[in-house]
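Comments concern the structure below.
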Amino acid sequence: MFLLPDLNEIPHLYSSPLGRVWRLEAEELGLQDTLHSHFLVRKLPASGSFLTTSAMLGLAATTESRVGRPATHWLQDKGGVYIATPSTPHQVPILESSAPLTFHDAVESWRPIALAVQHCHSKGLTHGNVNPWSVHRDRELILLDAGTWIADAPGVSQWWPQSVRRAESHLRECGTKDDVLNLARLLVWLTRPGDPEAAPSLEHLPAWAIAPLASVLNDEGHITRVSDLLKALAPAPILSESNTEATNSVLFARVSHVEDIQHPTKGPGIKFWLLHPRPEAENSATRAQGAFFYKASHGDVYNSIAHIWEGAEVNILDALEVEDSKGRVFLSAKPETLPVIEPHWPVTVTNVLKADGCVSRMLVDTREDELPNIHLIFGSLVHEFLEYTRRDPELDFYSLWEQVLPRYRVGLLAAGLGESDMEKFEEDARAHFNNIVAFARGRSRERSVENPTWTGDYVEVSRYSSIFGLEGRIDLVTEHERDGLQIVELKTGSAREEHLTQLRSYKLLWDPLVQEQKKEVSGYLLYSKDASMRSAPLEDPMRERRLLRARNALVAWHRSSARDPTIIPQYFMEVPEDCNARACRWRKETCKRQTAILGFGQVEPEPKTWKGFEPELVARAQTWWAHFNHLLEMENWVEGEELGLMLQTGRLRERIDGFRAAPGLELGGFDRASGRVNFTGDHRNIFHIGQTVIAHRNDFHGSHIVRAQVESVGPNHIELATQGMPAPEQLPRSNWILDVLPMRIGYRSAQRSIYRILDQQRPEIFEVLFRPESAQAASLMEAQDCDDTLETLDVELNADQMNAVVHGLNAPVGALIQGPPGTGKTTVIAHLAHELARQGQYVLVAAQTNTAVDTMLSRILDVGWVDFIRVGTPERHPQLAARLTARGLAADEYFSDSLGQVTPKLEQLKRRLLEAPITGVTAHRAASSDLMSIATRARGPVPWDVVIVDEATQLTEPMTLAAISRAKRFILVGDHRQLPPVVRHESLMTPFHEELSRQRLSSNAPQLDLFGAPVVQERPMELRGLDQSLFERLINAGLSYTMLREQYRMNEEIMAFSNRHFYDSELLAHPSVAKRRLEIEESSPNPILAPNNPVVFVNVEPSEVTQGRDNPDEAKASAELVDALIQAGVEPREIGVISPFRAQVHAIRKLLFERQIADVDVDTVERYQGSERDVILVSLVKTERAGEFISDARRLNVTLTRARKKLIILGYRSCLIGDPLMRALIEQDETLCVDWPQHS
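Sequential numbering from 1 applies to the sequence shown in the UniProt record's numbering.
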């Protein structure tokens, strides 16, 4: 609320198309408790109700980065509703500016706004009012007003689509596509200011920029995301001259005006224009260049480039220049020409080789749940021999065999081997070992074709190429000053044609580096089977063309399937000559079955495959698969783009601003034996242990890179572990960049999981998953014949917990258990697992994180069950191992991998692994691991009786199904009021898909599903984005669930806020905790530490108001409070500190280290769910805007419910009270508010 002066007596600041805007001082508005001195005041449209507007204003505060100042104050007056948006004395609307910017300067000013809107989309929000009257300049900073869009009515001009012209429906109907359109209009307006409602003109823009902007403005559908627009307008990388010696090569051009052409004699062809997005080309009107290729005369190139699309990035290497009758120069093909589509979307060499001839070969392999075979295990073993003999050529086989065999025993069982197979296996291994050792011991300094050997330093490395769009990890690469660079690929089988193609692929990855360093490059195939090492020809244009044609086809498929959910791949016998090819001979039956299961090319379900299933249920199952396949392809494409972003030298600043890269690091020490390397400098606190990173110098072409995992992080140094690294003496010491490597490990696991569910064809599971609204589904999820009194359990459960256990024991197919914070869901899980195991059932317990799995197994120990197996090793799970050891149990016998090392006989090992009634595993390892394969071989495709999934609301649906597909029944335990699945991109969020659904439903065409059937409801099966868990989807569909209501963690004051705002006041504090207080020895009165104040808000005045991700004042206050708590007698391990930003986490850790304080857990909220401490401190960081974390109800709920006895929240009150939820927390009766420092 604020006081509204008579605006008629005050000159307005400017007039927007929506009305006048005034800038007033805080005092004029009666605003005292605020850090802002000035506000922009405007009136809301009459059509918006105050209630609706208030909700919108609260949601507006969730934006982040440079989406500027939320509307923190509003007033309902008889003349309407007014809002006051924070401003500064220097803030000037760009609408008042008439000075045009060059296109380069306009993009630089516009990019932060685009990134901010992109961030907004990633949180499931849209902005809706990106326009010249909501953008302001504050000195050198461009700000986008986040407080006006939610309230202003968008008028009636052609700037705005019809869907956003009604204020009351604006929030519901405005989508991400509208924001992209308005961002494009804003960029054009910056280059030529004028009437903001006039149609934008593109004639004055650089030629290369016109096509992408026109695509957006004309709604052609090529660019629908902010990331697409940023990518299209990014400058192309600039390579050194040695990388662009081919005068007729075009790198990183954008494709425009694609058209099919026909020649009287050469037949069909393709023609397009190439646009060069370089800053120096801004004023050039002739940067476009044409290209054409005919199928008859340029067959290989035509087939490779035929997949091109409007706006695609392309490299055309070593092209032929030809002139047309008008003297214009075009590019066409000659024998050496190589086209590369989307070169900044790297594809692994392995996938390219699989896709050679037919993309579906790679897709079939990705979906199929193939069990390991002896060849894979043997190949891994022989590669390990190579690594050991590289270090010590004098190794003896038997000593090495005794060292490495124990690590392979579980894998041997997974591959189907038994004790009777081991003699032959060892004999073969010894032969291959001897062949490798012969080369290692007899290597020569002289290299020749007749006597090929390797010399120099050995390294095993990953390489990425944005020239050829490839990535690969090479078995062995050596560098030597005299002999140059040698690539060695180890093979354990017989020689095959594709081995040469694989080696040629690796040569492409190294080409730019050897050209830059002017070295020779040679390649060899080492066959350990017959002791031969063969020199391979590396100059083979025909092989390169075939390779890149397969790569381009694969990229085009991934892009198409990510854009259009109705696209289906080539299916069985659609092209008979492809299906009868040699490469498909062992895939044929698998491809045939997948085609029938997924319904490719079929109008009705295939009768033999779907015998006994209703066609409508089959159609739903196939639609469900297509929905998640589309989401997974979108996720895969986005992650490939993120990797490509790292490879683009011109976008380094974007990665730095997005906290994905740390520049300016120094290369420190390197331990060759352990593979550890150190970098020193400011790593910006953005890395954590276990993360995969790339160290580079912003040149992936002509210099070395290091791929590694983070081992440790210090205040000014970071240690990495790497298997393959160039000799450190060859590397420069300074100007290294550390980049977060996008992880793409989940794509294959998720694809296998969603296909496995369909392939298993379990009718009752189908009913629950694909027809959850049916009465039959409801009955399958309800407990039946509940006569079990659980007399075997000697620990009392409360009524809700008992109901949950009985429900889980007796539900025919599945059960849902909601466990709010502290309600004992892990106790329920432990008793469920105990009782099920007692009944003789095999139980799988799974979760998203290793910590959650270990916690479940520890609790199972507590309730008296000691017979289980944990997938992994004791070293990776030290807390669980310590619990076992403390009970006098041998930890090695409880972990699958260590059990394999201490159990010499395979049959004995197999018996122990399979007889354990309870198995613990993460969802990702449930999707694919050796123990899953062993159980499948022994007990069939559904090897467990029941799976219990904890943290089910943090798992995406495909990864939840990775666990569910392993058991006959499932029990999901979670809380959809706490953290949802982590989804990093807006295209995977529910609002994005609801927007697409609205667009489809608004069209006049009849609505069909992906297989041609009429759509009978807007959201069949409650399908949404990846941010919705299966747990939440089934609850939204109306299926029953059991809620635990009595909590055993927090005292009632700490519980009060979350109970009121997130659980409808249904929670109760157990008498044992309701009045619990912190027990401390106070040497002096301190209201923050006082036991009688369980909830304290500490107002920390900032020394500087910023939008940063760290707050030195709060960090210092946090460290001092932790110190004071310890001095008062609180154990360090019972103190936790939570902050939304990793930068603040590291700042607090550093201060605690300086105070020599250990054992205090400081981390982000995502890593704290499931944990609890006696005392929790929360550092909210923000000083200018509340930010997304505070307005994200589920993250806030988790943060506030980790404390047992005391919750201390540190923040800046003047900033935080602008958010309604945060204001309620600060002003509730249970919260004591104090200022820091509270005493001098």
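Virtual Cβ for every residue (Gly too), placed ideally from N, Cα, C.
Determine whether the beta carbon atoms of G311 and V347 lie at a separation below 8 Å. no
Endpoints, alpha helix (DSSP H) assigned at R1213: R1213 to L1216
Leaving out five residues on either side along the sequence, give the residues of the same chain with a beta carbon under 8 Å from the beta carbon of L485. V477, T478, E479, W510, L513, V514, K519, E520, V521 and S522
Compute the Euclidean distance between the alpha carbons of L40 and F2, then round it to the nearest angstrom. 13 Å
Going by beta carbon distance, what residues of the same chain come within less than 8 Å of L909, once the five residues before and after it are set aside? R409, V410, L413, L899, G900 and T903
Spatial neighbours of L906 within its chain, please: C-beta separation below 8 Å, excluding the five flanking residues on both sides. R409, L412, L413, L417, G418, E419 and M422
Quick check on S49: does DSSP put it in helix, strand or coil? Per-residue confidence for S49 stands at a pLDDT of 35, beneath the threshold of 50, marking its modelled position as unreliable; no derived number is given.
Apply the 10 Å Cβ neighbour rule to K507 and answer buried if 16 or more other Cβ atoms are within range, or exposed otherwise. buried
For D1027 and V983, believed in contact at Cβ under 8 Å, the rounded distance: 4 Å
Run the CB neighbour count on M743, radius 10 Å, all protein chains shown included, and call it buried at 16 or more, exposed below. exposed
Does DSSP classify A846 as helix, strand or coil? strand
Which residues in the same chain as P5 place their Cβ atom closer than 8 Å to its Cβ, once the five residues preceding and following it in sequence are excluded? L24, E28 and L29
How about the segment 315-324 and the segment 339-346: do they share at least three Cβ pairs that are nearer than 8 Å? yes
Nearest by alpha-carbon distance to L331: which of C584, S399, N248 and G864 is it? N248
With a threshold of 6 Å on Cβ separation, who are the neighbours of F1141 within its own chain once the five nearest residues in sequence on each side are excluded? R1109 and V1181
When DSSP labels each residue in this structure, what does I689 get in the three-state scheme? coil
Which same chain residues end up closer than 6 Å to F970 when comparing Cβ atoms and leaving out the 5 residues on each side of it in sequence? G814, V947 and I964
Between the Cα of S466 and those of E641, E426 and T337, spot the shortest distance and give me the residue it belongs to. E641
Going by DSSP, what residue range makes up the alpha helix (DSSP H) through D671? Segment A661 to D671 is the beta strand (DSSP E) holding D671; no alpha helix (DSSP H) there.
Under DSSP, the alpha helix (DSSP H) around N552 begins and ends at which residues? P541 to R563
Complete beta strand (DSSP E) runs within the segment 481-545 (minimum length 3 residues, chain order): 484-491, 521-527 and 532-536
If you follow the alpha helix (DSSP H) that E384 is in, where does it begin and where does it stop? I374 to R391
Using a Cβ-Cβ cutoff of less than 7 Å, which residues in the same chain neighbour residue 1283 once the five nearest sequence positions on both sides are dropped? Since the first and last residues shown for the chain are 1 and 1240, residue 1283 lies out of range.
Pop quiz: V1145 and D1163 are said to be a contact at Cβ under 8 Å. What is the actual Cβ separation, rounded to whole angstroms? 6 Å
When you compare only the Cα positions, how much space is there between A60 and L229? With a pLDDT of 35 at A60, under the threshold of 50, the modelled position of this residue cannot be trusted, and the question is left open.
Return the Cβ separation of A1124 and L1089 in integer angstroms, given the expectation that the two are a contact with Cβ distance under 8 Å. 6 Å
Roughly how many whole angstroms lie between the Cα atoms of T176 and Y82? 27 Å
Once DSSP output is grouped into helix, strand and coil, what is the label at R328? coil
Whose CA, out of S532, G493 and D540, lies closest to the CA of L503? D540
Given a threshold of 16 other Cβ atoms within 10 Å of its Cβ, counted over all protein chains shown, does F766 qualify as buried or as exposed? buried
I need the straight-line Cα distance from K1206 to R1077, nearest angstrom please. 7 Å
For A662, I'd like the list of residues in its chain whose CB is within less than 6 Å of its CB, leaving aside the five on either flank, ordered along the chain. H683, R684 and L738
When the Cα atoms are used, what is the spatial distance from N1059 to I829? 23 Å
Classify N351 as buried or exposed, calling it buried when 16 or more other Cβ atoms lie within 10 Å of its own Cβ. buried
Closer than 7 Å by C-beta to E321: which residues in its own chain qualify, once you throw out the five before and the five after it? Chain order, please. N248, V329 and L331
Would you mind reading off the limits of the alpha helix (DSSP H) that contains H1061? E1052 to F1062
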